[in-house]
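Novice: The sequence shown begins at 148 in my numbering and counts up one residue at a time.
For every residue, glycine included, the Cβ atom is placed at its ideal position computed from N, Cα and C.
The model shown is predicted, which means the values in this text are computed figures rather than measured ones.
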Amino acid sequence: TFAFEKYPFLKELGLQQTNHGCFDGEKWTGNGKTFLSVNPTNNEVIAEVKGATPEEYEVAVQNMNKAKAEWVKLPLPRRGEIVRQIGDAFRKHKAALGRLVSLEVGKIVAEGEGEVQEIIDICDMACGLSRSLNGQIIPSERPDHFMMEQWNPLGLVGVISAFNFPTAVFGWNFMIAAVCGNLTMWKGSPSTSLCSVACTKIIIDILEQNNLPKAALTLCMGEADIGNLMVEDKRFPLISFTGSTQVGRIVSEKVSKRFGKTILELGGNNCLIVCEDANEELALKASCFAAVGTCGQRCTSLRRLLIHSSKYESLKEKLVKAYKSVVVGDPLNSGTLCGPLHSKAQIKIYEDGLKKIQEQGGKILTGGKVMDGPGNFVEPTIVEMANPYAPILQHELFVPILYIMKFDDLDEAIAINNSVPQGLSASLFTSNLQNLFKWTGPLGADTGIVNVNIGPSGAEIGGAFGGEKETGGGRESGSDSWKQYMRRSTCTVNFGKSLPLAQGIKFDL
Ligand code: UN1
């Protein structure tokens, strides 16, 4: 039996106990694997979702290809208007969808709603983009010639997203891709399949109301089987993948082998540096939210906290005290600040990680235990680490374990920040201008997101989101990320009556 009836907001989102997990561009179907949606707070099964078969996948791709011309031919601002309507639909369902995210992932409601807010924000941004997206006009060296850039859609975009942001990351990709004129196939994480079904329903409704091709979005829930079909399919010129570095490497190799493009959002290993002149209260608050929020399961979560030795003892004491006041519990209850880990697999990572950390000299200051009961609860943990270069610090554990370490010189701290293979987000707390510009400059943080006096998590959608090195190099949502969803045509037009060649070449017949 399912615990479905306990959560009335699921019906508002059009969900049922048994759901189709494939929207093939025309109809809902799903004869593939069955995915159970499990509440990480008590491990009760909420509902089930039936994923796509390879045959259903094929129908979806064909439906997308059939709908391509109609979608592409719409003027950009018209697609922007559709995305605006989608944003309004997400506003309407923000409370229900936010609770579903909270229920299915295990993050607190404020963060679940925050994720839906990110979708609303990206809709606004994509709508604006639909009236401002433009190319350059470049001076031609030849008389009576005109040179311009035209940006055209890529066609079909594949989006593979992870459990920790089961709606927002899809939203960032879909809204931009759609405005740019692409059709998107989405494979969400099997363990957050209700979120995928709910978002798809909201969007399909709007497409239907506007009498537009519904194949602008298809959903194929599945595991590596479906993921692999997308990754190896030449009909997808772009694959946007969010997940582990390990799987991202495989995706990258397979897609580049067929000369496709990727947007990769892989692991982070984010650091926060507290300088001698930092505002300690701000650094304390920022560290707690960034390390404990989403139970340490954001790719931007704080992992490594480097504290100047003059502030070390006092900040350490305050942190331990703050951690002891964090309410761990049902993420749907107001007052809870930290929910459970998403799955049993995450608990194992926490336990194995702590063992290794202690073997490598780490000392647990607070937390360190898996909590009794049916849910996936663990204690948010602080570990004191004498060696900032210990091998375990090279890995992202994706659980709420925070390492704290001491430093004396900022250059040394920056070297530690940059010493890991990942390069997503990093923060510096300082009130000193020299430190600030050193940090943001070429000899500073080597990450894609570089912050000052705010924590590493919780980025706004207006900036380009993503990171360097093993984080994969992709950029999503704001700034000029849209360019990755388009192909650039350099167009040279001769409006004269002769044929001057470039490079001064004479070729007289
Ligand atoms: C992720 O963890 O996959 O900055 C994305 C943040 C969010 C996105 C995190 N806006 O923490």
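Rounded to the nearest angstrom, what separates Asn-281 and Leu-413 at their Cα positions?
Specialist: For Asn-281 and Leu-413, the gap between their C-alpha atoms comes out near 30 Å.
Novice: Do Leu-303 and Asn-320 count as a contact pair if the criterion is CB distance below 8 Å?
Specialist: no
Novice: Taking Cβ positions, are Met-532 and Leu-453 nearer each other than 8 Å?
Specialist: The criterion of a C-beta distance shorter than 8 Å is not satisfied by Met-532 and Leu-453.
Novice: Which one of Glu-173, Ile-504, Pro-384 and Glu-526 has the shortest CA to CA distance from Pro-535?
Specialist: Ile-504
Novice: Taking 7 Å as the limit, tell me which residues put their C-beta closer than that to any heavy atom of the ligand UN1, in chain order.
Specialist: Glu-265, Ala-309, Asn-311, Phe-312, Ala-315, Val-316, Thr-389, Glu-412, Arg-445, Cys-446, Thr-447, Ser-604, Gly-605, Ala-606 and Phe-612
Novice: Report the rounded CA-to-CA distance for Gly-620 versus Gln-569, giving the unit in angstroms.
Specialist: 10 Å
Novice: For Asp-655 and Lys-644, I'd like the C-alpha separation in whole angstroms.
Specialist: 15 Å
Novice: Nearest by alpha-carbon distance to Tyr-470: which of Ile-548, His-542 and Ala-425 is it?
Specialist: Ile-548
Novice: Could you check how far apart the C-beta atoms of Cys-422 and Phe-576 are, in whole angstroms? I think they sit under 8 Å.
Specialist: 6 Å
Novice: By how many angstroms is the C-alpha of Glu-379 removed from the C-alpha of Ala-207?
Specialist: 16 Å
Novice: Quick check on the DSSP output: the beta strand (DSSP E) that includes Thr-528 runs from which residue to which?
Specialist: 528-531
Novice: Can you tell me which of the three DSSP states Ile-255 falls into?
Specialist: Ile-255 falls in the coil class under three-state DSSP.
Novice: Quick one: what does DSSP say Gln-569 is sitting in, helix, strand or coil?
Specialist: strand
Novice: Please go through the same chain and pick out, in chain order, the residues whose beta-carbon is closer than 6 Å to the beta-carbon of Ala-420, but skip the five residues on each side of it.
Specialist: Reading the sequence as shown, one finds Ile at residue 420 and not Ala. These residues qualify, in order along the chain: Leu-453, Ala-560 and Leu-575.
Novice: Apart from the five residues on each side of it in sequence, which residues of its chain come closer than 8 Å, Cβ to Cβ, to Asn-673?
Specialist: Missing from the structure shown is residue 673; the chain here goes from 148 to 656 and no further.
Novice: Among Ala-362, Leu-366, Ile-353 and Cys-327, whose alpha-carbon lies nearest the alpha-carbon of Ile-336?
Specialist: Per the sequence presented here, residue 336 reads as Ser, with Ile not at that position. Checked all of Ala-362, Leu-366, Ile-353 and Cys-327; the closest Cα to Ser-336 is Leu-366.
Novice: May I ask which residues mark the beginning and end of the alpha helix (DSSP H) holding Gln-163?
Specialist: Gln-163 -> no alpha helix (DSSP H), and no H or E assigned at all.
Novice: So the alpha helix (DSSP H) Arg-226 belongs to, where does it begin and stop?
Specialist: 223-239
Novice: Please confirm whether Gly-305 and Met-377 have their CB atoms less than 8 Å apart.
Specialist: In this structure, Gly-305 places its C-beta atom within 8 Å of the C-beta atom of Met-377.
Novice: Compute the Euclidean distance between the alpha carbons of Asn-311 and Lys-254, then round it to the nearest angstrom.
Specialist: In this structure, the CA atom of Asn-311 is about 9 Å from the CA atom of Lys-254.
Novice: Rounded to whole angstroms, how far is the Cβ of Gly-168 from the Cβ of Val-196, which I believe are closer than 8 Å?
Specialist: 4 Å
Novice: Report the rounded CA-to-CA distance for Cys-342 versus Val-567, giving the unit in angstroms.
Specialist: Distance between the alpha carbons of Cys-342 and Val-567 is about 33 Å.
Novice: DSSP three-state call for Val-474: helix, strand or coil?
Specialist: coil
Novice: Taking the beta strand (DSSP E) that Ala-592 belongs to, which residues open and close that run?
Specialist: Neither: Ala-592 is in no beta strand (DSSP E) and is coded neither H nor E.
Novice: For Gly-259, I'd like the list of residues in its chain whose CB is within less than 7 Å of its CB, leaving aside the five on either flank, ordered along the chain.
Specialist: Gly-245, Arg-246, Val-248 and Ser-249
Novice: DSSP on Gln-283, reduced to helix/strand/coil?
Specialist: coil
Novice: Less than 6 Å between C-beta atoms, sequence neighbours within five positions excluded: which residues of the same chain meet that for Leu-512?
Specialist: Val-467, Ile-529 and Glu-531, listed in sequence order.
Novice: Rounded to a whole number of angstroms, what is the C-alpha to C-alpha distance between Ile-494 and Gly-509?
Specialist: 19 Å
Novice: Please state whether the Cβ-Cβ distance between Lys-334 and Ile-373 is less than 8 Å.
Specialist: yes
Novice: Would Ile-193 and Phe-149 qualify as a contact pair, given that the criterion is a beta-carbon distance under 8 Å?
Specialist: yes
Novice: Compare the C-alpha of His-240 against each of Gly-179, Thr-314 and Phe-170 and name the closest.
Specialist: Thr-314
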